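This report concerns only the one structure given below.
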Amino acid sequence: MMAQVVEQERLTRDVFRLWIEMEHDAPWSPGQFFHVRVGEGLDHVLRRPISLSEAVSDRRFALVYRVMGAGTRWLAGRRPGSALDVLGPLGRGFPLHPGDERVLVIGGGVGVPPLIQLAREVRRRGVEVAAVIGFREARDVMLVDELATLGPVHLLTEDGSAGMPGRVTDALGEDFLRGADRFYACGPSPMLQAVQGKLSGHLPGYLSLEERMGCGIGVCMGCVHPIRGGDGSPVYRRVCADGPVFPAEEVAFS
Amino acid sequence: MMAQVVEQERLTRDVFRLWIEMEHDAPWSPGQFFHVRVGEGLDHVLRRPISLSEAVSDRRFALVYRVMGAGTRWLAGRRPGSALDVLGPLGRGFPLHPGDERVLVIGGGVGVPPLIQLAREVRRRGVEVAAVIGFREARDVMLVDELATLGPVHLLTEDGSAGMPGRVTDALGEDFLRGADRFYACGPSPMLQAVQGKLSGHLPGYLSLEERMGCGIGVCMGCVHPIRGGDGSPVYRRVCADGPVFPAEEVAFS
Amino acid sequence: MMDVDLSVELAGIRLHNPVMPASGCFSYGREMSRWYDLSRLGAIVVKGTTLELRPGNPTPRVAETPSGMLNAIGLQNPGVDRVIAEELPALRQYGVPVIVNVAGSVVEEYVETARRLSGSRDVAALELNISCPNVRCGGMHFGTDPDMAAEVTAAVKAVSRVPVFVKLSPNVTDIVALAQAVERAGADGLSMINTLVGMRIDIERRRPILANFFGGLSGPAIKPVALRMIYEVSRVVRIPIIGMGGITSGEDAVEFFMAGASAVAVGTANFIKPTACVDILDELAAWCRNHGVRAVRELIGAAQKGWNQ
Amino acid sequence: MMDVDLSVELAGIRLHNPVMPASGCFSYGREMSRWYDLSRLGAIVVKGTTLELRPGNPTPRVAETPSGMLNAIGLQNPGVDRVIAEELPALRQYGVPVIVNVAGSVVEEYVETARRLSGSRDVAALELNISCPNVRCGGMHFGTDPDMAAEVTAAVKAVSRVPVFVKLSPNVTDIVALAQAVERAGADGLSMINTLVGMRIDIERRRPILANFFGGLSGPAIKPVALRMIYEVSRVVRIPIIGMGGITSGEDAVEFFMAGASAVAVGTANFIKPTACVDILDELAAWCRNHGVRAVRELIGAAQKGWNQ
Ligand SMILES: Cc1cc2nc3c(=O)[nH]c(=O)nc-3n(C[C@H](O)[C@H](O)[C@H](O)COP(=O)(O)OP(=O)(O)OC[C@H]3O[C@@H](n4cnc5c(N)ncnc54)[C@H](O)[C@@H]3O)c2cc1C
Ligand SMILES: Cc1cc2nc3c(=O)[nH]c(=O)nc-3n(C[C@H](O)[C@H](O)[C@H](O)COP(=O)(O)OP(=O)(O)OC[C@H]3O[C@@H](n4cnc5c(N)ncnc54)[C@H](O)[C@@H]3O)c2cc1C
Ligand SMILES: Cc1cc2nc3c(=O)[nH]c(=O)nc-3n(C[C@H](O)[C@H](O)[C@H](O)COP(=O)(O)O)c2cc1C
Ligand SMILES: Cc1cc2nc3c(=O)[nH]c(=O)nc-3n(C[C@H](O)[C@H](O)[C@H](O)COP(=O)(O)O)c2cc1C
Ligand code: FES
Ligand code: FES
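What follows is the structure in structure tokens.
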């Protein structure tokens, strides 16, 4: 599917927010992702998965990405007006639960962007949102304003150069959890594992996982993660099609 | 070496003239070529050889090319202001002979462009130039005006839809050759072979050859053509470094 | 507009066109049916299926390479009985032949899987993936030894009621010897090529990217190797070849036909674009029309006559 | 700015840095010296040289493939005596070791060529290209049979006064067996990999693009195959490996070191950019600096320890 680049904003030294406009309306939910074709010609045969960060209509979306390698570097070079080949939104996003009154969104690094639209959807339903977000250092901090309009934001950096020193789990004390109905977390694997360790048994929630992907549409079995089934034993399920969001208690880490 | 695209003109439905400006002055002579990097990333590891067609200074050159495959298609998409990675001018161009009074330039299809600057250099030395140029059909005809300012132009098309019907060799009658000191020919191999057949023994001249190239700078031995040495037996010589222009009588066709 | 006859015959199976997905790049079809009408395919080739459920390898399972990719999925599949019961019936509605890719670690496993599959009315043909390591022979691959390849082929042929294609591994010194061995053993056709063994290293972490260290290289990068092997093999065997390895366009498909393939399969290109198979089919038909080719069959082996002739 | 020690030792030869051109992509150096100062190279590896002059193959000799190229040059070279007399002396001025790639069709030809070369003061080492077809064995390649590979290695070792590297062909089922055979036969080092055999078809003309039909596939496309083979081989041999196959950047070079190479050679990338070798060297040094690597030697085999460790 072809989309058009509407805007390219730099958020930090290596993170960009790309606004795209799809040709047609597309159903979406927070936590889904786009599978983005990068480069020209046949050099790059794999698309890059980037989460939906914001949706201002059913066809205008923001993708926030960190420049990591060749593909995201190429992406950062796209200018407004140029065409972008994207599949999506794909996967299963964050399920919202009627009856929730207060939820926590927990994000680390480029795991923060998908929480923006999630927090908006939650607020729209009148649910309170508190955000706990962590970055490496002050110059990596982003999207605080976007979250601050929706509820309290607890900012941490590993070196303490902005917000509180520490990692997101350091903010998840018992006091803080009191009154929360659910959490939603997105970030690097070690963070998700720590969050799971801290919150399991205390608060139900969801983790949005990352795995290297082939197809992005569920046919190659490239992106699997061990997920506990009904009998508690982990089976490989597809992050792209069965996820990327899974109930936190079902996610197994090796 | 990086050059900048200055202008991209469409000459026929599938032929374009690309004006480039080099970063630094570069020595050049008509008949030399540029080895042009195409595409982004690593998809295309081979450069494309395109002849110098015009030089308006020691750093501003025109390249005229037909869109054949992926590389030239990419080239046709370059817009003014974009950077182009070119090596060159490379190879040995058309030698000019002091004392010549009248020369013929003979070109077919995209073999015509390199003759423009050659004809200009020749005229600048006060030598008369007559051009014989052939194309498939009327819609392929190009560069007649450029040549017409320098001397008489004999235009042929295979189907007779413009100029005289026939091929360039049909124009090379005895009357026509009278008074000529030398010829310079550029075009597809079968044309060069026919020109050689017609003119050898009558008129000395040069052929500009085409072969698929690897390096373009003489190190890979990819682009060789059989050239008769001192003893008359053909040896493979490099079109990129020893040519592309060779004395007509030395070129062997298999 | 000229009508191009796209049909081909493969070991007695008539395909209304010669384009199919390559095994492992299409799962069992369910997800792909959201992207286009699967009845447009010449055939459907499903994921490598084993006797028992296989969980597959740990992740990362995929890595990108220049114009290609590595995969080490490790044959994750629910096992042959669930495939027959739960996956294949859903493909009936498309009315195209279904080819099931069969894998195993010992001959008996291939045989039993093949026996069960060939008993299903939903299976039109089998494709033996002999690139898997043979656990009995210390992990040596069936696909690299002509005798072992012939043995497994003959054993499967003995129980199969449907045609058997053997999928050759390119990681061999002499692909022709392998092809001839399985032809003699009764193979009804060949699929070539499977992936080349490769690896990538994550230089930041100083370890292989794939958890399995090595993986199978596929995509445009391997196209020249596939064409060469098909060209060599099609000269000497009489059974048809399903060609694959880096096909991403109609012109690529034409190249494979001219090299000697009778049909083509599309793998990695599905990841570039979910509609790759049908797009390639459309481009192939258009190419034939523009080149006055009335039947795609005419292209098979067209470049065999070679150069300067 | 940290000073990175780029030197490596290869079979007793000390290189001031580990980057050299790959044979056949540098001719005998004369043309390249117009693009940069050749003394910046770790070593110079020249074109495949045979006993007698070889005219090479008819054209087209090269074709492009996705992220790669095919070549069928056919070893065009002026013969060993003219190489010694006319080409090598010009390389003295650069003060870097010169490695001459040696090819032949029968063992005696390798031996005689090697004998003459090793008698030249301009030659620091030989690199045996055993991918050429052996005319005695019906065109079978020396490089695909461990016994033949060992035989030619031992025979050349017996006459050579300089270290002998054996350049392995990747077109084999078992690269490790080949490597071990030549190591046992006395090879001082290995070069890997040579090109994969491939082809392209000109679909307009319905014939192979290359006049020779088949050619050698090189460039980024083959990098994963090269890395895998080097990784497998370096685990089991004690002799150093010159790694090559698709290196186009300093990071690629790092990948090769981590896979187990002790030095790297750059082939096809020279066609992308004439200054490829020195650009890659600069990028390698910068990478080491940015990663606190004091000596490039530390990287050799760094990914051998593997995953999850
Ligand atoms: C479901 C999902 C959502 C994601 N959302 C975001 C997001 O919103 N913002 C963001 O910055 N990043 C996100 N990522 C990570 C992002 O996909 C990678 O950073 C990106 O693919 C790197 O591509 P590259 O070409 O720059 O790097 P390269 O290293 O050149 O990529 C090479 C290959 O490895 C894959 N790869 C490398 N790193 C990762 C990684 N961490 N995760 C998955 N694949 C990887 C690439 O996709 C590609 O196939 C997401 C990943 C997943 C799985
Ligand atoms: C010395 C020289 C000068 C040339 N000057 C011109 C010129 O001024 N104008 C012009 O239109 N064309 C010229 N050509 C031909 C031009 O190089 C090819 O048309 C072009 O390389 C095709 O590239 P492509 O990517 O579009 O085609 P593709 O077919 O995709 O190219 C694939 C590969 O084949 C090579 N190739 C394909 N056709 C040719 C060919 N006819 N000659 C050489 N290599 C080929 C390409 O360089 C590339 O390596 C010249 C060729 C040579 C050797
Ligand atoms: C992710 C993935 C999974 C694959 N799984 C199988 C498989 O189960 N059985 C099999 O025979 N081949 C499998 N293959 C190989 C393909 O069927 C095909 O032979 C190969 O990828 C070359 O074609 P391509 O370059 O078009 O992908 C797989 C390839 C990929 C990329
Ligand atoms: C044009 C060309 C000529 C080559 N000639 C030789 C040769 O004479 N001897 C040899 O051993 N290898 C030769 N090779 C192989 C290279 O040395 C190298 O092993 C191979 O190309 C892989 O490296 P690359 O991908 O960096 O090119 C040649 C390769 C190319 C592209
Ligand atoms: S990426 Fe292919 S199944 Fe998920
Ligand atoms: S193109 Fe390499 S020698 Fe001419």
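Protein chains in written order, with our numbering: chain Y, 1 to 254; chain X, 1001 to 1254; chain C, 2001 to 2309; chain E, 3001 to 3309.
Heads up, the beta-carbon is just placed ideally off N, CA and C, and yes, glycines get one too.
All figures in this text were calculated on a predicted structure; none of them were measured in a lab.
Roughly how far, in whole angstroms, is the beta-carbon of residue 3217/E from the beta-carbon of residue 2225/C, given that I think they are within contact range, below 8 Å? As a first step, residue 3217/E is located in the fourth sequence; it is residue number 217 there, counting from the start. As a first step, residue 2225/C is located in the third sequence; it is residue number 225 there, counting from the start. The Cβ separation is near 7 Å, so the contact holds.
Which ranges would you report for the beta strand (DSSP E) in the segment 2102-2179 of chain C if only whole runs of at least 3 residues count? Taking only runs of at least 3 residues, the beta strand (DSSP E) segments lying wholly in the segment 2102-2179 of chain C are 2125-2129 and 2164-2167.
For a test of your reading of the model: does the CB of residue 2198/C fall under 6 Å from any non-hydrogen atom of ligand 1? Yes or no. Position 198 of the third sequence, counted from the first residue, corresponds to residue 2198/C. Result no, Cβ not under 6 Å from ligand 1.
In chain C, which residues lie less than 8 Å from residue 3171/E when you measure between Cβ atoms? Taking the first residue of the fourth sequence as 1, we reach residue 3171/E at position 171. What residue 3171/E touches in chain C: 2173.
Between residue 1322/X and residue 1212/X, how many whole angstroms is the CB-CB distance? I'm expecting something under 8 Å. Outside the displayed span of chain X (1001 to 1254) sits residue 1322/X, for which this structure offers no information.
Quick one, which of 3029/E, 3027/E, 3259/E and 3004/E has its alpha-carbon nearest residue 3017/E's? One-based indexing of the fourth sequence puts residue 3017/E at position 17. Comparing Cα positions, the closest option is 3004/E.
Within 7 Å of any Cβ in chain C, is that where the Cβ of residue 3217/E sits? In the fourth sequence, counting from the first residue as 1, residue 3217/E sits at position 217. True, the Cβ-Cβ gap to chain C drops below 7 Å.
Rounded to the nearest angstrom, what separates residue 2072/C and residue 2061/C at their Cα positions? Counted from its first residue, the third sequence places residue 2072/C at position 72. Counted from its first residue, the third sequence places residue 2061/C at position 61. Cα to Cα, residue 2072/C sits roughly 5 Å from residue 2061/C.
Straight-line Cα distance separating residue 144/Y from residue 2109/C: What you label residue 2109/C is simply residue 109 of the third sequence in a count that begins at 1. What you label residue 144/Y is simply residue 144 of the first sequence in a count that begins at 1. Going from the Cα of residue 2109/C to the Cα of residue 144/Y covers about 57 Å.
The alpha helix (DSSP H) enclosing residue 2250/C, as first and last residue numbers: The residue labelled residue 2250/C in the question sits at position 250 within the third sequence. Residue 2250/C -> alpha helix (DSSP H) spans 2250-2259.
Any residues in the segment 3055-3072 of chain E with a beta carbon nearer than 8 Å to a beta carbon of chain X? Which ones, in chain order? Those residues of the segment 3055-3072 of chain E that come within reach of chain X (Cβ to Cβ, closer than 8 Å) are 3055, 3056, 3058, 3059, 3060, 3061, 3062, 3063, 3064, 3066, 3067, 3068, 3069 and 3071.
Between residue 2214/C and chain Y, is there a C-beta pair that is closer than 7 Å? Along the third sequence, read from residue 1 onward, the residue named residue 2214/C stands at position 214. Output row for residue 2214/C: interface = no.
Run through DSSP, which three-state label would residue 186/Y get? Residue 186/Y sits at position 186 when you count from the first residue of the first sequence. It is a strand residue.
Mind checking which residues open and close the beta strand (DSSP E) that includes residue 3047/E? For the purposes of this step, residue 3047/E is taken as residue 47 along the fourth sequence, with counting starting at 1. Here the beta strand (DSSP E) through residue 3047/E covers 3044-3049.
Apart from the five residues just before and just after residue 156/Y, which ones in its own chain have a Cβ nearer than 8 Å to its Cβ? Numbered from 1 along the first sequence, position 156 holds the residue referred to as residue 156/Y. Leaving aside the five residues that flank residue 156/Y on each side, the residues in its chain whose CB is nearer than 8 Å to its CB run, in chain order, 132, 133, 134, 135, 163, 164, 165, 166, 167, 168, 170 and 171.
Is residue 88/Y near ligand 7, with its Cβ less than 6 Å from a heavy atom? Ligand 7 is absent from the structure shown, which contains only ligand 1, ligand 2, ligand 3, ligand 4, ligand 5 and ligand 6.
Supposed close pair residue 2246/C, residue 2219/C - CB separation, criterion 8 Å: Numbered from its first residue, the third sequence carries residue 2246/C at position 246. Numbered from its first residue, the third sequence carries residue 2219/C at position 219. Confirmed, Cβ separation roughly 5 Å.
Should residue 51/Y be listed as close to ligand 1, given that the test is whether its C-beta is under 6 Å from any heavy atom? Indexing the first sequence from 1 puts residue 51/Y at position 51. Because some heavy atom of ligand 1 lies under 6 Å away, the Cβ of residue 51/Y counts as near it: yes.
May I ask you to verify whether the segment 1243-1252 of chain X touches the segment 1092-1107 of chain X, counting CB pairs closer than 8 Å and requiring at least 3? yes
Mind listing the chain E neighbours of residue 1044/X? Cutoff is C-beta to C-beta under 7 Å, in chain order. Along the second sequence, read from residue 1 onward, the residue named residue 1044/X stands at position 44. Chain E residues near residue 1044/X: 3064.
So residue 1008/X and residue 1018/X are supposed to be a Cβ contact under 8 Å. How far apart are they, rounded? Locating residue 1008/X in the second sequence gives position 8, where the first residue counts as 1. Locating residue 1018/X in the second sequence gives position 18, where the first residue counts as 1. About 5 Å; that satisfies the 8 Å criterion.
Does residue 2279/C pass the burial test, meaning 16 or more other C-beta atoms within 10 Å, or should it be called exposed? The residue you call residue 2279/C lines up with position 279 of the third sequence. Residue 2279/C should be labelled buried.
Taking three-plus beta-carbon pairs below 8 Å as touching, is the segment 119-132 of chain Y in contact with the segment 146-161 of chain Y? yes
On the CB-based measure, 16 or more other CB atoms within 10 Å of its CB, does residue 3141/E come out buried or exposed? Position 141 of the fourth sequence holds residue 3141/E. When all chains shown are included, residue 3141/E counts as buried.
Could you round the C-beta distance between residue 76/Y and residue 16/Y to whole angstroms and report it? I think they count as a contact, below 8 Å. Translated into the one-based positions of the first sequence, residue 76/Y becomes position 76. Translated into the one-based positions of the first sequence, residue 16/Y becomes position 16. That pair is a contact at about 5 Å.
Do the segment 44-53 of chain Y and the segment 63-70 of chain Y make contact, defined as three or more Cβ pairs closer than 8 Å? yes
Endpoints, the alpha helix (DSSP H) within which residue 115/Y is located: Along the first sequence, read from residue 1 onward, the residue named residue 115/Y stands at position 115. Run containing residue 115/Y: 113-124, per the alpha helix (DSSP H) assignment.
Contacting residues, own chain, Cβ-Cβ under 8 Å from residue 1027/X (five flanking each side not counted): Taking the first residue of the second sequence as position 1, residue 1027/X is located at position 27. Contacts found: 1058 and 1089.
Can you tell me whether residue 2032/C is helix, strand or coil according to DSSP? In the third sequence, the residue the question calls residue 2032/C occupies position 32. Correct three-state label for residue 2032/C: helix.
Neighbour-count burial assignment, residue 2291/C, 16 or more Cβ in a 10 Å radius: Working through the third sequence from its first residue, we reach residue 2291/C at position 291. Exposed, because fewer than 16 other Cβ atoms sit within 10 Å of the Cβ of residue 2291/C.
Report the residue from 3235/E, 3094/E, 3209/E and 3132/E whose alpha carbon sits nearest the alpha carbon of residue 3168/E. Within the fourth sequence, the letter at position 168 stands for residue 3168/E. Answer by Cα proximity: 3132/E.
Can you find a CB in chain X that lies within less than 7 Å of the CB of residue 3076/E? In the fourth sequence, residue 3076/E corresponds to position 76, counting from 1. Yes - at least one Cβ of chain X is within 7 Å of the one on residue 3076/E.
Any heavy atom of ligand 6 within a distance shorter than 6 Å of the CB on residue 3219/E? As a working mapping, residue 3219/E is identified with position 219 in the fourth sequence. Not so, every heavy atom of ligand 6 lies at least 6 Å from the Cβ.
Output yes if chain X places a C-beta closer than 7 Å to the C-beta of residue 3268/E; else output no. To locate residue 3268/E, count along the fourth sequence from 1; it is residue 268. Cβ-Cβ to chain X under 7 Å: yes for residue 3268/E.
Any beta strand (DSSP E) of 3 or more consecutive residues that is wholly inside the segment 2208-2242 of chain C: Annotation: the segment 2208-2242 of chain C contains the following complete segments of the beta strand (DSSP E) (minimum length 3 residues), in chain order: 2215-2218.
To be precise: take each residue of the segment 3217-3246 of chain E, compare its Cβ to all Cβ atoms of chain X, and keep it if any distance is under 8 Å. Which residues remain? 3219 and 3220
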